[in-house]
Amino acid sequence: MNIDQQVTYLMRGTAYGDQAMHESMRKELRDRLVESESSGRPLRVYCGYDPRTSDLHIGHTVTMRKLRQFQELGHHVIFVVGTYTALIGDPSDKDKLRAQLSPEEAQVNAETYAEQAFRILDREKTEVRYNAEWLSDLKLKDLIHLASNFTLQQFFTRENFKKRFDNEEAVYFHELFYAIMQGYDAYALDADVQVGGTDQMFNIMTAARKIMSYYGKKPNIGIILGILPGTDGDVKMSKSLGNHIPLNTTPEDMFGKVMSVPDKAMSSYARLVTRWTVDKIDKFENAIEKGELHPRDAKLELAKEITSAFFDDEKAQKAQEHFITLFQKKDTPDDMEVFKPSGEPILLDVLVDSGLVRSKSQVRRLVDQNGVKIDGEAVSDPYMVLTPPVIVQVGKRRFLRVEK
RNA sequence: GGACGGUUACCCAAGCGGACAAAGGGGACUGACUGUAAAUCAGUUGGCACAGGCCUUCGUUGGUUCGAAUCCAACACCGUCCA
Numbered sequence: 507m508n509i510d511q512q513v514t515y516l517m518r519g520t521a522y523g524d525q526a527m528h529e530s531m532r533k534e535l536r537d538r539l540v541e542s543e544s545s546g547r548p549l550r551v552y553c554g555y556d557p558r559t560s561d562l563h564i565g566h567t568v569t570m571r572k573l574r575q576f577q578e579l580g581h582h583v584i585f586v587v588g589t590y591t592a593l594i595g596d597p598s599d600k601d602k603l604r605a606q607l608s609p610e611e612a613q614v615n616a617e618t619y620a621e622q623a624f625r626i627l628d629r630e631k632t633e634v635r636y637n638a639e640w641l642s643d644l645k646l647k648d649l650i651h652l653a654s655n656f657t658l659q660q661f662f663t664r665e666n667f668k669k670r671f672d673n674e675e676a677v678y679f680h681e682l683f684y685a686i687m688q689g690y691d692a693y694a695l696d697a698d699v700q701v702g703g704t705d706q707m708f709n710i711m712t713a714a715r716k717i718m719s720y721y722g723k724k725p726n727i728g729i730i731l732g733i734l735p736g737t738d739g740d741v742k743m744s745k746s747l748g749n750h751i752p753l754n755t756t757p758e759d760m761f762g763k764v765m766s767v768p769d770k771a772m773s774s775y776a777r778l779v780t781r782w783t784v785d786k787i788d789k790f791e792n793a794i795e796k797g798e799l800h801p802r803d804a805k806l807e808l809a810k811e812i813t814s815a816f817f818d819d820e821k822a823q824k825a826q827e828h829f830i831t832l833f834q835k836k837d838t839p840d841d842m843e844v845f846k847p848s849g850e851p852i853l854l855d856v857l858v859d860s861g862l863v864r865s866k867s868q869v870r871r872l873v874d875q876n877g878v879k880i881d882g883e884a885v886s887d888p889y890m891v892l893t894p895p896v897i898v899q900v901g902k903r904r905f906l907r908v909e910k
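Using my numbering, you'd call the opening residue of the first sequence number 507 and step up by one each time.
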């Protein structure tokens, strides 16, 4: 790739919400890439991750994929685990105070976090750092100096703080440190580029750049990426909103969850979580728009790519077949859980004992709603005695093979 | 330190002595439909009991009352304002 192609590649999926800012970042990135090429010094690229959770979803991987791209182009990637910033909790994307995390919790999460990240990043080429390494050494006077770069007005023009302030909700003093600490990370790492979501705009574009200039460094370039919507297609993917696609799941589940994303969100998914090139994405979108590609087939393609990116081609292929048998042909899947009842195989007990349904009342409701099928036939009596081997289906996608 | 306000099911939130297993919304689940687990429409959403019914749940503990999510007291936690 030549420099301009690299710039296009690296700017893919970015969202600055402001054309001028986009242009200036594009230009700075280009200059820095040129400089790197002539000096032979790879750029130092980093992104920080909050170890608040260890259960990653594909929304978290948007930035990782971007880091991976830098890696492919030969730059140095630093994966920063915010063990120290986690003591505060990023207030950026919340209109509520976040719970603080103990150092022990943060550490445990951090390890599983990094482990999952290597499904995307090249382990050999990734430097993992914990920001406690440098932040815990800061003295009060350092903090005072750092803080002197910011005004309260800057913080309170940020929407999330302003909203809380106006609603007379608590805004804690320590929350203001978050941006400062993150800015210091960039300085301590001597970063050329910092990657983050649009919710990190202030932390990256204002805090980090200011602090770096303050210490006489060249400010880092912000690669601000769009936010991946959740499976509802509207709001940011997050576990607490229940619209997430976890990384630690089966290929079948991941495939199905992508299929359940509304059509309107397909383009965000294509840009943010696939390995497709800019060209490929353009073609993909055009084909849908012109009606050459059926939205259903487009989504199948998307789901397959995404599943394959996190697993592999073979598993993605299987997941797709599984999906088609189950939902398009409405057949039963090949592999399903097997349960061997201990006593008399009464339907009600089998469903509860096998863990397929939570309670007996729930089973009765499902039976009333025609939601329970035995070998494809809807059941009306929850007390019926099964004659194994038999296949019990609950709803559309829960199956159980009952054997003797 | 003072003055208020809050704590309700998975989440948000109404209820302010009996009609409360507790409105409404979100989520989730089921069915119909379809292009999919999309959209739309309908239903379900504490547990046990084949029904009547029983049991547990409205921050905690105690009290008032025939009867408490609702009233009182203490405690815990959360918040706002004043100092």
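The beta carbon of each residue, even a glycine, is placed where N, CA and C say it ideally should be.
Just to confirm my understanding: we take residue i, look at its own chain, exclude 5 residues before and 5 after, and list those with CB closer than 8 Å. What are they?
| i | result |
| --- | --- |
| E543 | I509 |
| L549 | R538, L539, S542, F576, H581, H582, D698 and V699 |
| F463 | The structure shown does not extend to residue 463, since the chain spans only 507 to 910, so no value can be given for it. |
| L627 | M570, L573, R574, Q577, V583 and F585 |
| G702 | C553, G554, T569, N709, I710, G728, I729, I730 and L731 |
| R781 | R571, E811 and A815 |
| S642 | Y590 |
| R805 | Looking at the sequence provided, one finds Lys at residue 805 rather than Arg. So the list reads V764, M765, V767, D769 and M772, once near-sequence residues are dropped. |
| E850 | V891 |
State the Cα-Cα distance for the pair residue i and residue j, rounded to the nearest angstrom.
| i | j | result |
| --- | --- | --- |
| G861 | M842 | 14 Å |
| V767 | S774 | 11 Å |
| W640 | D672 | 35 Å |
| V634 | Q622 | 13 Å |
| N754 | S654 | 43 Å |
| D601 | R558 | Note on D601: pLDDT 45, under 50, position unreliable in the model; the coordinate value appears next. For D601 and R558, the distance between alpha carbons rounds to 17 Å. |
| N709 | I686 | 8 Å |
| Y636 | E883 | 56 Å |
| R604 | L682 | No answer about R604 holds up, because its pLDDT of 49 lies below 50 and its placement is not dependable. |
| A822 | A713 | 41 Å |
| K902 | D859 | 20 Å |
| L857 | R864 | 8 Å |
| L854 | V844 | 16 Å |
| R715 | D769 | 38 Å |
| R870 | N876 | 10 Å |
| Y515 | Q660 | 33 Å |
| M507 | L535 | 15 Å |
| A676 | Y720 | 30 Å |
In terms of residue numbering, what span does the alpha helix (DSSP H) encompassing residue i cover?
| i | result |
| --- | --- |
| E639 | A638 to L641 |
| V568 | T567 to E578 |
| F683 | F683 to L695 |
| G861 | Looking at the DSSP string, G861 is not in any alpha helix (DSSP H), and its letter there is neither H nor E. |
| P757 | P757 to M765 |
| L808 | P801 to F816 |
| A822 | D819 to F829 |
| A526 | Q525 to S545 |
| F452 | Any property of residue 452 remains undetermined from this structure, which presents the chain solely from 507 to 910. |
| E719 | One detail in the question is off: residue 719 reads as Ser in this sequence, not Glu. Taken as a continuous stretch (DSSP letters only), the alpha helix (DSSP H) holding S719 covers R715 to Y720. |
If I measure Cβ to Cβ from residue i and keep anything under 7 Å in the same chain, skipping five residues before and after, which residues do I get?
| i | result |
| --- | --- |
| R904 | L862 |
| V873 | V885, S886 and P888 |
| M531 | Y522, I727 and G728 |
| P839 | H828, T831, L832 and F905 |
| P735 | V741, K742, M743, A771 and S774 |
| A694 | W640 |
| T632 | V583 and F585 |
Keeping to the same chain, check which residues put their C-beta closer than 6 Å to that of residue i; ignore five residues upstream and five downstream.
| i | result |
| --- | --- |
| Q899 | K879 and F905 |
| T704 | A521, I730 and I733 |
| A825 | P757, E758, F761 and T813 |
| G565 | L734 and M743 |
Can you pull the DSSP bridge partners for residue i?
| i | result |
| --- | --- |
| F845 | V908 |
| T520 | L731 |
| A884 | K879 |
| Q585 | In the sequence as presented, Gln is not what sits at residue 585; that position holds Phe. Paired residues: C553 and V634. |
| P752 | H563 |
| I852 | V891 |
| K836 | Beta-bridge pairing links K836 to no other residue. |
| K742 | P735 |
Looking at the secondary structure, which residues open and close the beta strand (DSSP E) in which residue i lies?
| i | result |
| --- | --- |
| I912 | This structure cannot settle anything about residue 912, because the visible part of the chain is limited to 507 through 910. |
| G702 | V699 to G703 |
| Q899 | V896 to V900 |
Using 8 Å for Cβ pairs, my map puts residue i next to residue j. What's the rounded Cβ distance?
| i | j | result |
| --- | --- | --- |
| V896 | V908 | 5 Å |
| H750 | H528 | Incorrect: roughly 28 Å between the Cβ atoms, too far for contact. |
| I614 | I584 | Sequence inspection shows Val at residue 614; the Ile mentioned does not correspond to that position. So it is not a contact: roughly 21 Å between Cβ atoms. |
| R518 | R777 | 7 Å |
| D561 | P752 | 6 Å |
| Y690 | I717 | 6 Å |
| T567 | V779 | 6 Å |
Report yes if the C-beta of residue i is less than 7 Å from at least one heavy atom of the ligand SAM; otherwise report no.
| i | result |
| --- | --- |
| E843 | Because no ligand of any kind appears in the structure shown, any question about the ligand SAM cannot be addressed here. |
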